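Remarks on the structure that follows.
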Amino acid sequence: MVSEIDSGATRERHHMTVTRIRLAAAMGTGAILLSGCATTATSPAPAPTPAQVTATSTSGPGPQPAASSPGSAAPAATESNPPGDIPDTQVYVPFTPSGANVSVKVPEGWARATTGGSTVFSDKLNRIEVHITKATTAPTTSTVKSVDVPRLQGSVPKFASPKVTTIFRAGRPVVLLTYQGDSAVDPVTGKVVRDAFERYSYFRAGTRVDLTLSGPVNADNVDPWRTVSDSLRWTP
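Going by my numbering, the sequence shown opens with residue 1172, and the numbers climb by one from there.
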């Protein structure tokens, strides 16, 4: 009976030993797997390639302008007059309306049209109108304000900013009316230009001459308009 008891104890010890060995092996395998995972999670990023290093070293806030070579400077922009400016080289020629005893200088080469007592010279955006009528009295600032301004309000689109003064032209007093208004619609472009008007009223011996000069509001035609308005002469 002692032998059987010893034999059973021996088998029990053997079983426990095998169990411990298997448990130790399992734990070792788990440790290896955990070690492999940790190594993968903390492994350093791969080193940059030469192309990446080059791209990083040349990157900056933006592309740099190419250096210009000697003698390659850009040419200066061609200057041009604002729309409506009459060139300083413009030539003027005398004009005498048919049957009138008056002469005035007008730009050479401008288109000319005559209707009744009015002759109109035009070029691009500028216009000169010479209107001759018979009158018993000379125009004054009062009559221009009370008669001429209301009439123009009814005929000039968007008539605005009238101002009447007396100035001297060719040594004689004349009445000047300045105002603004829209031009006629351009038949080609369909556009309307905002114009500035200067209307000079002259008088002598029963003849009145209204000289109206107009062009775009922003045009600088002070000198040309002075040349025309200062050129009017009465003939015998």
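Backbone N, C-alpha and C fix where the C-beta goes; we use that ideal spot for every residue, glycine too. Note that this is a predicted model, so its numbers are computed, not measured.
Exercise. Determine the DSSP secondary structure at serine 1313, reduced to helix, strand or coil.
Key: For the purposes of this step, residue 1313 is taken as the residue at position 142 of the sequence shown. The three-state reading of DSSP puts serine 1313 in helix, counting H, G and I together.
Practice problem: Determine the extent of the beta strand (DSSP E) in which valine 1277 is found, giving its start and end residues. | Solution: Looking up residue 1277 in the sequence shown gives position 106. Counting along the chain, valine 1277 sits inside the beta strand (DSSP E) bounded by residues 1273-1278.
Self-check item: Per DSSP, the bridge partner or partners of alanine 1355
Solution: If you number the sequence shown from 1, residue 1355 lands on position 184. None; alanine 1355 has no bridge partner.
Quiz item: Apart from the five residues just before and just after aspartate 1401, which ones in its own chain have a Cβ nearer than 7 Å to its Cβ?
Solution: Reading the sequence shown from its first residue, position 230 is the one you call residue 1401. Within the same chain, Cβ atoms closer than 7 Å to the Cβ of aspartate 1401 are found at Arg1340, Ala1341, the five residues on either side in sequence being excluded.
Exercise. Determine the closest residue to alanine 1376 out of Thr1336, Thr1304, Val1363, Val1356, with distance taken between C-alpha atoms.
Key: As a first step, residue 1376 is located in the sequence shown; it is residue number 205 there, counting from the start. Taking only the C-alpha atoms, the option nearest alanine 1376 is Thr1304.
Quiz prompt | Host alpha helix (DSSP H) of proline 1321 (start-end) | solution = Stepping through the sequence shown from its first residue, residue 1321 is reached at position 150. First-last of the alpha helix (DSSP H) with proline 1321: 1320-1324.
Quiz item: Taking Cβ positions only, does threonine 1406 come closer than 8 Å to chain C?
Solution: Any reference to chain C falls outside this structure, which holds one protein chain only.
Quiz item: Which first and last residues belong to the alpha helix (DSSP H) in which proline 1395 is found?
Solution: Position 224 of the sequence shown, counting from 1, holds the residue named residue 1395. Per DSSP, proline 1395 is one residue of the alpha helix (DSSP H) stretching across 1393-1400.
Quiz item: Which residues bound the beta strand (DSSP E) around lysine 1334?
Solution: Against the sequence shown, residue 1334 aligns to sequence position 163. Where lysine 1334 is concerned, the enclosing beta strand (DSSP E) stretches over 1331-1340.
Self-check item: Supposed contact pair proline 1387 and threonine 1364 - C-beta distance, whole angstroms, cut 8 Å
Solution: The residue you call residue 1364 lines up with position 193 of the sequence shown. The residue you call residue 1387 lines up with position 216 of the sequence shown. Residue identity check: residue 1364 is valine in the sequence provided, not threonine. Beta-carbon to beta-carbon, valine 1364 and proline 1387 are separated by about 5 Å, close enough to satisfy the 8 Å threshold.
Quiz item: Should aspartate 1319 be labelled buried (16 or more other beta-carbon atoms within 10 Å of its own) or exposed?
Solution: The residue labelled residue 1319 in the question sits at position 148 within the sequence shown. Classification for aspartate 1319: buried.
Quiz item: Roughly how far, in whole angstroms, is the beta-carbon of asparagine 1297 from the beta-carbon of threonine 1378, given that I think they are within contact range, below 8 Å?
Solution: For this step, residue 1297 is matched to residue 126 along the sequence shown. For this step, residue 1378 is matched to residue 207 along the sequence shown. About 26 Å separates the two Cβ atoms, so there is no contact after all.
Practice problem: Give the range of the beta strand (DSSP E) segment to which glycine 1386 is assigned. | Solution: As a first step, residue 1386 must be located in the sequence shown, where it is residue number 215. Run containing glycine 1386: 1378-1387, per the beta strand (DSSP E) assignment.
Quiz item: Which residues does DSSP pair with threonine 1285 in a beta bridge?
Solution: For the purposes of this step, residue 1285 is identified with residue 114 of the sequence shown, where counting begins at 1. As DSSP reads the structure, threonine 1285 sits in a beta bridge with Thr1290.
Exercise. Pull up the DSSP beta-bridge partners for aspartate 1366, would you.
Key: Within the sequence shown, numbered from 1, the residue matching residue 1366 stands at position 195. As a beta-bridge residue in DSSP terms, aspartate 1366 pairs with Gly1352, Pro1387.
Quiz item: Using the C-alpha atoms, what's the distance from serine 1326 back to serine 1317?
Solution: Sequence index remark: in the sequence shown, residue 1317 carries index 146 (1-based). Sequence index remark: in the sequence shown, residue 1326 carries index 155 (1-based). Approximately 15 Å between the Cα atoms of the pair.
Exercise. Thinking histidine 1302 and glycine 1288 are a contact (beta carbons under 8 Å), I'd like their distance in whole angstroms, please.
Key: Position 131 of the sequence shown, counted from the first residue, corresponds to residue 1302. Position 117 of the sequence shown, counted from the first residue, corresponds to residue 1288. Between the beta-carbon of histidine 1302 and that of glycine 1288 there is about 6 Å, and that keeps the pair under the 8 Å contact cut.
Self-check item: Terminal residues of the beta strand (DSSP E) in which proline 1486 lies
Solution: Since the first and last residues shown for the chain are 1172 and 1407, residue 1486 lies out of range.
Exercise. Spatial neighbours of arginine 1404 within its chain, please: CB distance less than 6 Å, with the 5 preceding and 5 following residues excluded, ordered by chain position.
Key: For the purposes of this step, residue 1404 is taken as residue 233 along the sequence shown, with counting starting at 1. Closer than 6 Å at Cβ, skipping near neighbours: Ser1274.
Quiz item: What residue does the beta strand (DSSP E) around threonine 1308 start on, and which one ends it?
Solution: In the sequence shown, counting from the first residue as 1, residue 1308 sits at position 137. Where threonine 1308 is concerned, there is no enclosing beta strand (DSSP E), given that its DSSP letter is neither H nor E.
Self-check item: Whole-number beta carbon distance between glycine 1352 and lysine 1329, since they are thought to touch under 8 Å
Solution: Translated into the one-based positions of the sequence shown, residue 1329 becomes position 158. Translated into the one-based positions of the sequence shown, residue 1352 becomes position 181. About 6 Å separates the beta carbon of lysine 1329 from that of glycine 1352, a gap short enough to meet the 8 Å contact definition.
Quiz item: Grouping DSSP H, G and I as helix and E and B as strand, with all else coil, what is valine 1345?
Solution: As a working note, residue 1345 is residue 174 in the sequence shown. Valine 1345: strand per DSSP, three-state reduction.
Quiz item: With DSSP run on the structure shown, which of helix, strand or coil describes threonine 1406?
Solution: Within the sequence shown, residue 1406 is the residue found at index 235, counting from 1. Three-state result, threonine 1406: coil.
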